[in-house]
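K.L.:
Numbering (the numbering used here), first residue to last: 818 to 1023.
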């Protein structure tokens, strides 16, 4: 195990940032206009642009969520001081989920009115965040890969926040069996859940 925050750990972070950047860029590639006859472009273009609103929505949602995951990853690795093979593989599994996200985003944009698309999308995001939380749990267990003087409050705070978003996505999967639209609306709870967790942590002095 490398116990210093040296070049090896920096390479893990740089590689992770690159995967995030590529995944977030690939999201926009699914927003494409259909081919239109040359003489009908002026007539059909406004309608075709408007018809893409589900893809716009799924793009914005995924962009924001991936950004939040990147911020969470950055926050976690700012406290990690070393690494081992297990940490590398856990982080790689998390990045695999991030690289996969353009697919469920495309699925949601195309078939957002179908429960299976919502389940795959929410499930993918829940698994990704749970894997990132697992990275933190592994690194902080017995302070294995973090500074020995890292406060218990900081460790608990990242653990609790790491469970809030997966909880919302898993809840939305359950809701989708009753209403697909309600399941998607429930994703607004992502912001509410994060605020509630932060307020609770503040009250407890975390």
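Glycine residues also receive a C-beta, built at the ideal position from the N, C-alpha and C atoms.
Label residue 873 either buried or exposed according to how many other C-beta atoms from any shown protein chain fall within 10 Å of its C-beta, with 16 as the threshold for buried.
P.N.:
That one is exposed.
K.L.:
If you compare alpha carbons, which of 838, 985 and 922 is closest to residue 877?
P.N.:
Ranking 838, 985 and 922 by Cα distance to residue 877 puts 922 first.
K.L.:
Decide if residue 847 is buried, meaning its Cβ has at least 16 other Cβ atoms within 10 Å, or exposed.
P.N.:
Residue 847 comes out buried.
K.L.:
Measuring straight from C-alpha to C-alpha, what distance separates residue 825 and residue 901?
P.N.:
The alpha-carbon atoms of residue 825 and residue 901 are separated by roughly 10 Å.
K.L.:
To which residues of the same chain is residue 988 closer than 7 Å at the C-beta, ignoring the five residues directly before and after it?
P.N.:
The answer, listed in chain order, is 1003.
K.L.:
Which stretch, first to last residue, makes up the alpha helix (DSSP H) that contains residue 946?
P.N.:
Run containing residue 946: 932-957, per the alpha helix (DSSP H) assignment.
K.L.:
Measuring CB atoms only, is the stretch 935-944 touching the stretch 859-871, in the sense that at least three cross pairs come out at less than 8 Å?
P.N.:
The stretch 935-944 is not in contact with the stretch 859-871.
K.L.:
Report the residue from 842, 890 and 871 whose alpha carbon sits nearest the alpha carbon of residue 829.
P.N.:
Here the closest residue by C-alpha is 890.
K.L.:
So, at 8 Å on beta carbons, what are the nonlocal neighbours of residue 949 in its own chain, with the 5 sequence-adjacent residues on each side left out?
P.N.:
If we look at residue 949 and ignore the five residues flanking it on each side, its Cβ neighbours are 886, 889, 890, 893, 911 and 979.
K.L.:
Quick one: is the Cβ of residue 830 within less than 7 Å of any heavy atom of the ligand FMN?
P.N.:
Looking for the ligand FMN in the displayed structure turns up nothing, as the structure carries no ligands at all.
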